[in-house]
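Colleague:
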Amino acid sequence: MPPSLLTSKASVILCVVKMNNGKTVNPRICSISCRNVNMEMEYPRTRGQAESYLWYLYHDAEVYIDEDNEWHLNVPSRCKQLLKGGVCGVADRQPEICSQHSENGAKKLDDVVRHRFTTERELLSYLKEKRPALFKKLPLATRKVLSEVTPPKPKKLKAIPKSASECADCGLCCQYMNIVVDRPTDQEDVEILLWYQYHKDTNLHLDQENDYGLHFPLRCRQLDENNLCKIYSRRPLICRQFKLSGCHGKDISESVKLKLDTEQALMGHLKKRRPGLFKKLSRKLRKLALR
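According to the working numbering, the sequence shown is numbered sequentially starting from 440.
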């Protein structure tokens, strides 16, 4: 199975303009929340969690802390249902997470962000100042990043005997992010899966362990032109724990039991494998299984 991380709830990036209902085109409509996949993450307490957030940053994602001290992952990804003029193409069955937008009390992302991290230095500096106990749990090599004037050149790794490793040095396992998401239990959860699915290059699937997962084709910034890891000596724990036996390269088909990349595929899966949950869904959603 590809490297993956467990997330919690999805969340929206709030905007100040009410979502269009599909009947009237508003040229001033704000579609900023339709251009990102945003997830609420667990509060980091362990070395593994802190290094996982570094791993996110290496894949050009963004981590931020909101005004309620909640941690979030933000991945740039435009919604495929966003039409010309900022009109929602599925306004008649828009997920609840989208319809939460309102003119009363809505805020822009910059208004709710307390701390934003786009680089490892920014996150490490925050941990050193605000979470010193957690910072000290990180490997010395990682903590030393803050004292580096210029990043060191990657060392050439010694060849690993084929008897000990079957790694092809292709670097494909470092060119995507795979994230395990919560198993749906009600309509809100199902709508969140649909919301994930609507975003470009956000591939929803069911893996061999029957977990629901998201696959983002994002290359790690720490992978050099020769497919060598530039931070191998201090690579995150999630990278260290990854075993070659679970490597499927960029093609995750071997680790995927079922692709859920369309509304019909997801609804058909729920109707067949989760009939109790399927019956609880609204009529509009159930109809998607028949399309």
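Positions of the beta carbon are idealized from the N, C-alpha and C atoms, including for glycine.
Hey, residue 635 and residue 643 are a contact pair by Cβ (cut 8 Å); roughly how many whole angstroms apart?
Modeller: Numbered from 1 along the sequence shown, position 196 holds the residue referred to as residue 635. Numbered from 1 along the sequence shown, position 204 holds the residue referred to as residue 643. Contact flag correct, Cβ pair sits at about 6 Å.
Colleague: Mind checking who residue 505 pairs with in its DSSP beta bridge?
Modeller: Numbered from 1 along the sequence shown, position 66 holds the residue referred to as residue 505. 552, per the DSSP bridge assignment.
Colleague: Does the beta carbon of residue 480 come closer than 7 Å to any beta carbon on chain E?
Modeller: Although the question refers to chain E, the structure presented lacks it and comprises just one protein chain.
Colleague: Is residue 624 near the ligand NAD, judged by its Cβ being under 6 Å from some heavy atom?
Modeller: Only the bare structure without any ligand can be found here, which leaves the ligand NAD out of the picture.
Colleague: From this set, 519, 551, 501, which residue's C-alpha is nearest residue 507's C-alpha?
Modeller: What you label residue 507 is simply residue 68 of the sequence shown in a count that begins at 1. The shortest C-alpha separation from residue 507 is found at 551.
Colleague: What is the DSSP secondary structure of residue 682, reduced to helix, strand or coil?
Modeller: Reading the sequence shown from its first residue, position 243 is the one you call residue 682. Residue 682 falls in the coil class under three-state DSSP.
Colleague: What is the C-beta distance between residue 534 and residue 677, in whole angstroms, given that I count them as a contact (C-beta under 8 Å)?
Modeller: Taking the sequence shown and counting its residues from 1, one reaches residue 534 at position 95. Taking the sequence shown and counting its residues from 1, one reaches residue 677 at position 238. About 29 Å separates the two Cβ atoms, so there is no contact after all.
Colleague: How long is the line joining the alpha carbons of residue 527 and residue 665, rounded to whole angstroms?
Modeller: Counting from one through the sequence shown, the residue named residue 527 turns up at place 88. Counting from one through the sequence shown, the residue named residue 665 turns up at place 226. Roughly 42 Å separates the two Cα atoms.
Colleague: CA-CA distance, residue 569 and residue 561?
Modeller: As a position in the sequence shown, residue 569 is number 130, starting the count at 1. As a position in the sequence shown, residue 561 is number 122, starting the count at 1. For residue 569 and residue 561, the distance between alpha carbons rounds to 12 Å.
Colleague: Any idea what DSSP makes of residue 677, helix, strand or coil?
Modeller: Position 238 of the sequence shown, counting from 1, holds the residue named residue 677. DSSP places residue 677 in helix when its eight states are reduced to three.
Colleague: With distance defined between alpha-carbon atoms, name the residue in 607, 641, 606, 624 nearest to residue 617.
Modeller: Taking the first residue of the sequence shown as position 1, residue 617 is located at position 178. Comparing Cα positions, the closest option is 641.
Colleague: Look at the alpha carbon of residue 486 and the alpha carbon of residue 497, and state the distance between them as a whole number of angstroms.
Modeller: By 1-based counting over the sequence shown, the position of residue 486 is 47. By 1-based counting over the sequence shown, the position of residue 497 is 58. Going from the Cα of residue 486 to the Cα of residue 497 covers about 17 Å.
Colleague: In this structure, does DSSP put residue 606 in helix, strand or coil?
Modeller: By 1-based counting over the sequence shown, the position of residue 606 is 167. Reduced to three states, the DSSP call for residue 606 is coil.
Colleague: Would you be able to state if there are at least three C-beta pairs under 8 Å between the region 650 to 665 and the region 610 to 625?
Modeller: Judged by Cβ distances under 8 Å, the region 610 to 625 makes contact with the region 650 to 665, as three or more pairs qualify.
Colleague: Taking all protein chains shown into account, do 16 or more other C-beta atoms lie within 10 angstroms of the C-beta of residue 544, making it buried, or fewer, making it exposed?
Modeller: On the sequence shown, position 105 is the one that residue 544 refers to. Only weak support is given to the placement of residue 544: the predicted model assigns it a pLDDT of 38, under 50, and the value that follows is read from those uncertain coordinates. Counting Cβ neighbours within 10 Å, residue 544 comes out exposed, since fewer than 16 surround it.
Colleague: Secondary structure at residue 619, three-state DSSP: helix, strand or coil?
Modeller: Walking along the sequence shown from the start, residue 619 turns up at place 180. Looking at residue 619 - three-state DSSP - the assignment turns out to be strand.
Colleague: Can you pull the DSSP bridge partners for residue 574?
Modeller: For the purposes of this step, residue 574 is identified with residue 135 of the sequence shown, where counting begins at 1. Paired residue(s): none; residue 574 is not in a bridge.
Colleague: Go through its chain and collect everything with a Cβ distance to residue 578's Cβ below 7 Å, but skip five positions before and after it.
Modeller: Taking the first residue of the sequence shown as position 1, residue 578 is located at position 139. Contacts found: 673.
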